[in-house]
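Residue numbers (this note's numbering), protein chains in the order written: chain C, -9 to 390; chain A, -9 to 390. Each residue gets a CB set at the ideal place from its N, CA and C atoms; glycine is no exception. Data first, discussion second: the structure below is written as structure tokens.
2 protein chains.
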Amino acid sequence: MTKPLEGIRVLDLTQVLAGPFCCRLMGDMGADVIKVEQPGTGDPSRNFPPKYKDLESYYYLGLNGNKRSLTLNFREDSAKETFYDLVKTADVMVENYRPSVPPRLGIDYDTIHKINPKMVYCSISGFGHEGAPDPNRPAFDTTIQASGGVMSVIGQPGQPPSTMGSPVGDLAGAYAALSGILAALIDRDRNGEGRHVDIALLDTMLTLQAYIGQYYLLFGSEPGPLGSTHPTNVPVAALQCKDGRWVQIQFANQPLYMQLANKLAEMYPDEYQDLPNDPRFATPGDRLKHKAEIIEFLGGVFSKKTADEWDSELGNQMPVARINTIAESFAEQSVINRNMTPTVQHPTLGEYRIIGNPLKMGQEEEYKAAPGLGQHTDELLSELGYDGAKVQALKDSGAV
Amino acid sequence: MTKPLEGIRVLDLTQVLAGPFCCRLMGDMGADVIKVEQPGTGDPSRNFPPKYKDLESYYYLGLNGNKRSLTLNFREDSAKETFYDLVKTADVMVENYRPSVPPRLGIDYDTIHKINPKMVYCSISGFGHEGAPDPNRPAFDTTIQASGGVMSVIGQPGQPPSTMGSPVGDLAGAYAALSGILAALIDRDRNGEGRHVDIALLDTMLTLQAYIGQYYLLFGSEPGPLGSTHPTNVPVAALQCKDGRWVQIQFANQPLYMQLANKLAEMYPDEYQDLPNDPRFATPGDRLKHKAEIIEFLGGVFSKKTADEWDSELGNQMPVARINTIAESFAEQSVINRNMTPTVQHPTLGEYRIIGNPLKMGQEEEYKAAPGLGQHTDELLSELGYDGAKVQALKDSGAV
Chain C
-9 MTKPLEGIRV LDLTQVLAGP FCCRLMGDMG ADVIKVEQPG TGDPSRNFPP KYKDLESYYY
51 LGLNGNKRSL TLNFREDSAK ETFYDLVKTA DVMVENYRPS VPPRLGIDYD TIHKINPKMV
111 YCSISGFGHE GAPDPNRPAF DTTIQASGGV MSVIGQPGQP PSTMGSPVGD LAGAYAALSG
171 ILAALIDRDR NGEGRHVDIA LLDTMLTLQA YIGQYYLLFG SEPGPLGSTH PTNVPVAALQ
231 CKDGRWVQIQ FANQPLYMQL ANKLAEMYPD EYQDLPNDPR FATPGDRLKH KAEIIEFLGG
291 VFSKKTADEW DSELGNQMPV ARINTIAESF AEQSVINRNM TPTVQHPTLG EYRIIGNPLK
351 MGQEEEYKAA PGLGQHTDEL LSELGYDGAK VQALKDSGAV
Chain A
-9 MTKPLEGIRV LDLTQVLAGP FCCRLMGDMG ADVIKVEQPG TGDPSRNFPP KYKDLESYYY
51 LGLNGNKRSL TLNFREDSAK ETFYDLVKTA DVMVENYRPS VPPRLGIDYD TIHKINPKMV
111 YCSISGFGHE GAPDPNRPAF DTTIQASGGV MSVIGQPGQP PSTMGSPVGD LAGAYAALSG
171 ILAALIDRDR NGEGRHVDIA LLDTMLTLQA YIGQYYLLFG SEPGPLGSTH PTNVPVAALQ
231 CKDGRWVQIQ FANQPLYMQL ANKLAEMYPD EYQDLPNDPR FATPGDRLKH KAEIIEFLGG
291 VFSKKTADEW DSELGNQMPV ARINTIAESF AEQSVINRNM TPTVQHPTLG EYRIIGNPLK
351 MGQEEEYKAA PGLGQHTDEL LSELGYDGAK VQALKDSGAV
């Protein structure tokens, strides 16, 4: 099938993580994504250590495939004019500067909307452009996790705080931005006008609280550090197995819990034949009342076999999963079959793997390596119809 | 401005978390979302303890606003026919059953596509419909976090595993599904045909690894539990302050780090006037080499003032944020100003707050309370043009 965003052109004025990932997903879906970067330096993530084969940063390579790179120095008026020419050809623009920056560069929403009223313009910032008392306050992934309340429920009680490990503060914002952009495009295609999609990482982080936040809003309760458990759904827990490794279980509903109780009674009749009838654990409410007790009990049961044994004996029918390393997560068969670590070809780095596009919809998948800084400047200027003399003048002035 | 998804009709056949949240966001953006539920029981999350005012579950109330509820018992042919009539009127259908269930109910992609070729049909499952060797393996939020490798980097070294605290295994899938649906709608509007969007929670979880996964794919390295730190970006850490509370810092680039070093030298000249020139901490690479040292050093500095003092003295210029409780996260001024905890009116529960829509794009916001089971059955059957006798027959047979 066709790639769903074929024919859509995206101007990617973003750096580092949330914006670049959002734009890469559009590239993965067939959009023509043009990454606009400062000559000489480019996206700062190009210089994050360590560099792969001493050439390009691992960080940049993962998030910028399926894009073309154009350099533009907005301090030069001719660069700005070039950008405005590009604006006339594009459908989407994404930026993740601090909110004070785009007006200074002459690329804020109002300016761009005047040049191309059909443009969907997305800003990704920590606290939002509209409504934030201090929109320019610096915000990065983990400080957003901290402000967002989520860190208060992570980790073991009595231990120092932990983050979510992976950069969800940024990436949830990336997915939210992508959704907002696509909704605005649907509306634009019907009503003829683009709009300003104003995504705040902090807003998105709050939505991740989901039932935890809702619990607070209705009952005023703070669960505190949850470890591997759930505030109201029991039993949910990491259990250590005979070989020292851990499995995570989530018996989220009554039929599944009864399946577990019956299975354990069948496997170990001498010890657990009464488990299915244990009144302490009979209903979701009973199990919630005896949360520590049931988790301790199951800890004893799960120490009888290795993690792989539990995974293979119960995992097909029940929510029991080995806690994977990063390597093991990429080796899951569904992950391999669904092309989630495709190989790309890089002109100087050769072949390497990246994380694939999770938006599977029957389209042909194609992954191009992240571009070198300004790799497509000539190509793009030529597509704009600029002649050799004009291109040379841009180069001579340092505008590109 | 208009709500971007006005005029789009969504059939929501989902339960519990990922699907219901995805569909609620579409409702928040103006889509007409019809939640189709089993008569008598409905979405199982309606019965998750605890219930607010002993009536509706906190869990259900948070995730199902801006929807209408219709009951249909798919075991009755007349219910199936009613559903097919509805399919002809809709743009999007979302389901998050185990993959073996939709064919059994007669509502699988192939069946629905024949009835309405323009329908965008989205499945959300643990491992995907296509390519998963065992697509029906049970999967819930935390088991997906476990399989996805992410749990291996959460928490303090030497401690038992922790989850991400909030249900990101489900919610990242919800945002991915939303993006996939909207991309498919854009394509449908241009090419005339809907398609099957096949979202696997495990795929989405892998994308959240971002640079951690990319680090592994290029260098084969497993960071292990990161606590509050970053594998390569230094200093990123939670620091305990004078009052026992914590702030999270993320000095993600060189100018910001130099700003911190200069500020501390200015605040405490007797102790730290040489900090900006300390060769151990001069460049990102130097700080990465001396990661434990710089975090310990900053721990000493931050113990000199309270968390609120650091937050107010540095937070406006630098990425320093108090680690908020859930309550504090909702009290952030930008969150209040951006209507992120809107109040809804419920016919029997009165007023309560929910978490708002993070997709801000200048639209008027409207939040309706989550519907009672089957609250809109009569209304929807009447909209389908069914007369009183037909409606009564459906009721008598238990089809609705």
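Legend entry - Amino acids of chain A, ordered along the chain, whose beta-carbon sits closer than 9 angstroms to that of alanine 120 of chain C: Sequence inspection shows glutamate at residue 120 of chain C; the alanine mentioned does not correspond to that position. Residues of chain A passing the Cβ test: Asn327, Arg328, Lys350 and Gly352.
Legend entry - 8 angstroms Cβ cutoff, serine 7 of chain C in contact with chain A: According to the sequence provided, residue 7 of chain C is leucine. The question's serine does not apply to it. With 8 angstroms as the cut-off, leucine 7 of chain C counts as an interface residue toward chain A.
Inset, instruction - Could you name the residues of the same chain whose beta carbon sits closer than 6 angstroms to that of alanine 164 of chain A, not counting the 5 residues immediately before and after it, in chain order? - result: Around alanine 164 of chain A: Ala8, Phe11 and Cys12.
Inset, instruction - Give me the Cα-Cα distance between proline 213 of chain A and lysine 43 of chain C, rounded to the nearest whole angstrom. - result: When only Cα atoms are considered, proline 213 of chain A and lysine 43 of chain C end up about 20 angstroms apart.
Legend entry - Any chain C beta carbon closer than 8 angstroms to serine 302 of chain A: No Cβ of chain C is located within less than 8 angstroms of the beta carbon of serine 302 of chain A.
Legend entry - Within chain C, partners of tyrosine 87 of chain A - CB distance below 9 angstroms: Close partners of tyrosine 87 of chain A in chain C (Cβ separation under 9 angstroms) are lacking, with about 14 angstroms as the shortest Cβ gap.
Legend entry - Selected residue, minimal CA-CA separation from alanine 200 of chain A, among C/Phe130, C/Thr338, C/Ile344 and C/Asp377: Nearest C-alpha to alanine 200 of chain A: C/Ile344.
Legend entry - Within-8 angstroms CB hit, asparagine 181 of chain C to chain A: Answer yes: the Cβ-Cβ gap between asparagine 181 of chain C and chain A drops below 8 angstroms somewhere.
Inset, instruction - Could you tell me whether the Cβ atoms of leucine 216 of chain A and glycine 145 of chain C are closer together than 8 angstroms? - result: Cβ distance not < 8 angstroms, so leucine 216 of chain A and glycine 145 of chain C don't count as in contact.
Legend entry - Boundaries (first-last residue) of the beta strand (DSSP E) holding aspartate 188 of chain A: Counting along the chain, the beta strand (DSSP E) containing aspartate 188 of chain A begins and ends at 186 to 190.
Legend entry - Beta-bridge partners of tryptophan 236 of chain A, as assigned by DSSP: Tryptophan 236 of chain A is bridged to A/Gln230.
Legend entry - Meets three-Cβ-pair contact criterion under 8 angstroms: the region 114 to 132 of chain A and the region 315 to 329 of chain C: Output reads yes: the region 315 to 329 of chain C touches the region 114 to 132 of chain A.
Inset, instruction - Within 10 angstroms of the Cβ of methionine 330 of chain C, are there 16 or more other Cβ atoms? Answer buried if so, exposed if not. - result: So methionine 330 of chain C counts as buried.
Legend entry - methionine 83 of chain C versus arginine 58 of chain C - alpha carbon distance: Using only the alpha carbons, I get a separation of about 14 angstroms.
Inset, instruction - Check distances from the C-beta atoms of the region 136 to 147 of chain C to those of chain A and list, in chain order, the residues that come in under 9 angstroms. - result: Correct list: Ala136, Ser137, Gly138, Gly139, Val140, Met141, Ser142, Val143, Ile144, Gly145 and Gln146.
Inset, instruction - Could you run through the region 164 to 194 of chain C and flag, in chain order, every residue whose CB is less than 8 angstroms away from some CB of chain A? - result: Contacts with chain A (Cβ-Cβ distance below 8 angstroms) from the region 164 to 194 of chain C involve Tyr165, Ala166, Leu168, Ser169, Gly170, Leu172, Ala173, Ala174, Leu175, Ile176, Asp177, Asp179, Arg180, Asn181, Arg185, His186, Val187, Asp188, Ile189, Ala190, Leu192, Asp193 and Thr194, listed in chain order.
Inset, instruction - Would you mind sorting methionine 308 of chain A into buried or exposed? The rule is 16 or more other CB atoms within 10 Å of its CB. - result: Methionine 308 of chain A is classed as buried because its beta carbon has at least 16 other beta carbons within 10 Å across all chains shown.
Legend entry - Near-chain C residues of the region 336 to 347 of chain A - C-beta to any C-beta below 7 angstroms: Listed in sequence order: Tyr342, Arg343, Ile344 and Ile345.
Inset, instruction - Quick one: grab the DSSP three-state call for valine 158 of chain C. - result: Helix.
Inset, instruction - Go through its chain and collect everything with a Cβ distance to tyrosine 99 of chain A's Cβ below 7 angstroms, but skip five positions before and after it. - result: Here the set comprises Tyr111 and His186.
Legend entry - Of the listed residues C/Ala190, C/Lys104 and C/Leu53, nearest to serine 115 of chain C (C-alpha basis): Looking at C/Ala190, C/Lys104 and C/Leu53, the one whose alpha-carbon comes closest to that of serine 115 of chain C is C/Ala190.
Legend entry - Host beta strand (DSSP E) of glycine 352 of chain A (start-end): The continuous stretches of beta strand (DSSP E) do not include glycine 352 of chain A, and DSSP gives it neither H nor E.
Legend entry - Euclidean distance between Cα positions of isoleucine 202 of chain A and proline 221 of chain A: The alpha-carbon atoms of isoleucine 202 of chain A and proline 221 of chain A are separated by roughly 8 angstroms.
Inset, instruction - Consult DSSP for aspartate 67 of chain C and reduce its assignment to one of helix, strand or coil. - result: Here DSSP, grouped into helix, strand and coil, assigns aspartate 67 of chain C to helix.
Legend entry - Reference glycine 362 of chain C; option with closest CA among C/Ala21, C/Leu250 and C/Leu60: Measuring C-alpha to C-alpha distances from glycine 362 of chain C to each of C/Ala21, C/Leu250 and C/Leu60 identifies C/Leu60 as the nearest.
Inset, instruction - Give the straight-line distance between the Cα atoms of lysine 279 of chain A and proline 225 of chain A, rounded to the nearest whole angstrom. - result: Rounded to whole angstroms, the gap between the alpha carbons of lysine 279 of chain A and proline 225 of chain A is 11 angstroms.
Inset, instruction - Return no unless some Cβ of chain E is closer than 8 angstroms to the Cβ of serine 152 of chain A. - result: In summary, chain E is missing from the structure at hand, where the protein chains are C and A.
Legend entry - Extent of the continuous beta strand (DSSP E) to which lysine -7 of chain A belongs: Careful: lysine -7 of chain A lies outside any beta strand (DSSP E) and carries neither H nor E.
Inset, instruction - Give me the Cα-Cα distance between alanine 174 of chain C and lysine 70 of chain A, rounded to the nearest whole angstrom. - result: Going from the Cα of alanine 174 of chain C to the Cα of lysine 70 of chain A covers about 34 angstroms.
Legend entry - valine 390 of chain A - DSSP class collapsed to helix/strand/coil: Assignment of valine 390 of chain A by DSSP, reduced to helix, strand and coil, places it in the coil class.
Legend entry - Residues of the region 305 to 329 of chain A with Cβ closer than 9 angstroms to any Cβ of chain C, in chain order: Listed in sequence order: Gly305, Asn306, Gln307, Met308, Pro309, Val310, Ala311, Arg312, Ile313, Asn314, Thr315, Ile316, Ala317, Glu318, Ser319, Phe320, Glu322, Gln323, Ser324, Val325, Ile326, Asn327, Arg328 and Asn329.
Inset, instruction - Let me know the secondary structure DSSP gives tyrosine 258 of chain C once reduced to three states. - result: Coil.
Inset, instruction - Taking proline 361 of chain C as the query, report the chain A residues whose CB atoms sit under 7 angstroms from its CB, ordered along the chain. - result: Those within 7 angstroms of proline 361 of chain C in chain A number zero; the least Cβ separation is about 16 angstroms.
Legend entry - Close beta carbons around proline 151 of chain A, own chain, < 6 angstroms, minus the five adjacent residues each side: Beyond the five residues adjoining it in sequence on each side, proline 151 of chain A comes within less than 6 angstroms, by CB distance, of Met141 in the same chain, given in chain order.
Legend entry - Any chain C beta carbon closer than 8 angstroms to threonine 222 of chain A: Yes, because at least one Cβ of chain C sits closer than 8 angstroms to the Cβ of threonine 222 of chain A.
Legend entry - Neighbour-count burial assignment, proline 348 of chain A, 16 or more Cβ in a 10 Å radius: Buried, because 16 or more other Cβ atoms sit within 10 Å of the Cβ of proline 348 of chain A.
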